[in-house]
Every structure is written in C-alpha cells, then in structure tokens.
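Numbers in my numbering are just positions in the sequence shown, counted from 1, shifted up by 149. Idealized CB from N, CA, C, for every residue including glycine. Just so it is clear, the structure is predicted and the values come from calculations on it, not from any experiment. First comes the structure, then the notes that go with it.
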Amino acid sequence: MADQVNVDVEKDFPPTEDVDLQFQDFSDTKLLDDVGDSELINASGGNLLQGDDGDEEGDDTELLSGQKKAPPFWSFSYYQQFFDVDSSQVGRRLLGSFIPRISRTYLETHIRPSPDLYGPFWVCVTLVFTLAISADMIRLYSDYEQEIEPSPHFSWINMAAMGVFLYTWLVPSMLYGLLYWRGVQTGLTFLEMICCYGYSLSLFIPVSLLCVIQYVPVQVILIIIAMGLSGFVLFSSLWEGLQRDDIKTGIPTMAVLVLLHMAFAAGIVAFILTAPDWGSTKPPPDLPS
C-alpha cells in the first residue's frame with residue numbers, strides 16, 4: 150500500500166528539478182509610473198464621484214466633531230434652542246424655585262447647564278392673569294356689597310403685565326449690564342439671570358389666587374412668605390457671582406436687588422388690596438317723587 154501511494158504521488162507531482170523558478174526584476178521607474186497613473190485616476194475620477202456628496206460629508210464631520218456651525222440670530226432655529234425643554238424639567242424647576250437649599254444653589258441644581266425662556270415666559274403670563282383675576286374678584290365682591298352693577302376690568306391686565314414683565318426682564322438686564330460694564334467675571338450669563346428671575350415668581354401665582362380671601366392679615370402674610378422663599382432661592386444663586394466683585398460694590402448691589410424684590414411684593418399687595426377703590430362709586434340716592 151505504501152509503495153502504490155508513492156507511485157501515485159510521483160505521477161501527480163513532478164520532481165522539483167524539472168520546475169524552473171525565475172524571479173522577475175521590477176525596476177523603480179516602472180513602479181513610479183504605475184503609482185503616478187493610479188494617482189491621476191483618483192484625482193480625476195475619484196473627485197468626480199465625491200463631488201456630489203461633499204456637503205453631506207461635511208455636515209457629518211461637523212456633527213461627529215461637535216463643531217456644528219451656530220445658526221444666525223435672525224433665524225428661527227437660533228431662538229428654538231432657548232425653548233428646548235420638556236414638561237418634566239419645567240416642573241422640577243418650578244418646584245425648586247421656592248424650596249431653599251443650603252448646600253447647593255438653585256442655579257446649580259436646576260438651571261445649569263441648559264437655561265430656558267419657556268418656563269419664565271409662561272410664569273410671567275400666568276401671574277399676570279392670576280393678579281388680574283384676583284383683583285377683579287375682590288372688586289366684584291365690593292360692588293356686590295355696594296349694590297353696584299359689576300363690570301370686567303380688562304385694563305388691569307395691562308397694568309399687571311407692565312409690572313411683572315418690567316421686573317422680570319428689566320432688573321436682570323440692568324444687573325448684567327452693570328457687571329459687564331465693571332468687567333466682573335461672575336460666571337453668570339444673561340440667560341441664566343432671566344431664567345432665575347422668571348422661575349422665582351412661580352410661588353406668587355397660587356398666593357395671588359389665595360389673596361381673594363377678604364382678610365388683610367392673611368393676604369399680607371401670604372405675600373411675605375412668597376417673597377421670602379422666592380427671594381432666598383433667587384439671591385443665593387445670584388450671590389455666587391456677585392461675591393466675586395469688590396465687596397464695596399457687591400454688597401450694595403445685592404441690597405438694591407433685595408429692595409427691588411420687596412418693592413415688587415409690595416406692589417402686588419397694593420394691586421390686590423386697593424382694587425376695590427379704583428373708580429368705585431356709590432349708587433346715587435333715590436330722589437323723592
């Protein structure tokens with residue numbers, strides 16, 4: 150068996166002596182010519198194939214590198230980023246705006262790194278309508294007692310909107326402008342200031358509705374509680390940046406902000422309590438026949 154196997158192998162595979170092995174010599178000039186031809190093909194045909202997809206590959210590269218070009222400020226997509234927030238996040242920011250924290254500030258735990266304008270805008274709009282409704286309800290009770298025909302007062306909405314939006318947007322604008330003019334590196338952005346001020350008014354919404362109760366001490370106590378809780382959360386966040394300024398300027402600036410917050414709360418009290426006296430007239434006496 151072994152001999153027959155050897156015979157078969159010898160028949161299928163000829164001996165190595167009969168095989169001529171030759172090595173071909175490739176010169177350097179021939180290799181360079183081949184490389185040059187391939188580069189010319191890639192430069193001509195390859196670019197033509199890639200020309201149509203150049204923009205898409207550029208966009209993919211920007212997305213992967215995280216260097217997507219920012220949209221211009223006149224476009225809708227530029228302002229869309231300020232309203233990119235979900236309902237659960239807004240709810241947490243609303244609840245945290247009047248719950249004091251000692252270890253960390255409201256700005257660190259709820260606002261950063263994505264402040265928004267959606268929540269502050271609707272907080273201001275809701276507060277405007279609750280103030281107008283509360284004042285109108287109190288005036289309605291007063292007219293009923295005086296036997297005066299009640300009528301709605303839509304102009305009160307304009308008055309409430311002027312006070313709420315001026316405080317929420319003008320005060321942080323002035324604060325940011327002052328710090329920018331002084332060159333103080335507070336680490337606070339203008340959007341973060343607007344966001345803190347807007348959410349800080351959320352507690353005044355239920356308080357303004359409770360002020361319908363016709364008892365002045367209760368109304369004043371509710372406003373003071375709302376002012377204290379919201380003010381502590383707000384000013385603890387702002388103090389993180391103001392303390393980097395000169396102490397002779399940072400403390401007076403904070404004192405002015407506290408006084409403005411107290412003036413805003415006093416304005417709410419005046420708006421609600423004095424509503425029955427705005428243009429109230431007693432019915433004329435009955436003339437004898």
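Relative to Val405, the option among Ser351, Val234 and Leu324 whose CA is nearest is Leu324. With respect to the 7 Å criterion, Ser379 and Phe247 are classified as neighbours on the basis of their beta carbons. With a threshold of 16 other beta carbon atoms within 10 Å, Thr338 falls short and is exposed.
Going by C-alpha positions, Leu383 is about 6 Å away from Cys345. Proximity to His302 across Ala284, Asp235 and Thr317 peaks at Ala284, based on C-alpha coordinates.
Ranking Gly347, Val356, Ser263 and Ile370 by CA distance to the CA of Asp233 puts Ser263 first. For the set Ala281, Leu371, Ile372 and Arg242, the Cα lying nearest the Cα of Met308 is the one of Ala281. Linking Gly312 to Gly245 through their CA atoms gives a straight-line distance of about 24 Å.
When the Cα atoms are used, Ala415 and Trp271 turn out to be separated by approximately 22 Å. Listed in chain order, the alpha helix (DSSP H) elements of length 4 or more contained wholly in the stretch 219-275 are 225-229 and 236-245. Residues Arg393 and Asp394 of the same chain have their beta carbon placed closer than 7 Å to that of Val333, with the five preceding and five following residues left out of the count. About 7 Å separates the CB atoms of Thr335 and Leu391; that is less than 8 Å, so the two are in contact.
For Trp388, the enclosing alpha helix (DSSP H) has its first and last residue at Val365 to Leu391.
Thr317 sits in a helix when the DSSP states are folded into three classes.
In its chain, beyond the 5 residues on either side, Ala414 have a beta carbon closer than 6 Å to the beta carbon of Met376.
The DSSP-derived three-state label of Phe303 is coil. With contacts defined as CB atoms closer than 7 Å, Phe381 and Leu276 fail to qualify as a contacting pair. DSSP, reduced to helix, strand and coil, places Gly347 within a helical segment of the structure shown. DSSP, reduced to helix, strand and coil, places Val405 within a helical segment of the structure shown. Trp330 sits exposed, since fewer than 16 C-beta atoms from the chains shown fall within 10 Å of its C-beta. Per the C-alpha coordinates, the member of Gln229, Gly399 and His259 positioned closest to Gln238 is His259. The three-state secondary structure of Val277, taken from DSSP, is helix. Remark: C-beta atoms of Pro401 and Gly347 do not approach each other more closely than 7 Å. In chain order, Ile372 place their CB closer than 6 Å to the CB of Val418, counting only its own chain and leaving out the 5 sequence neighbours on each side.
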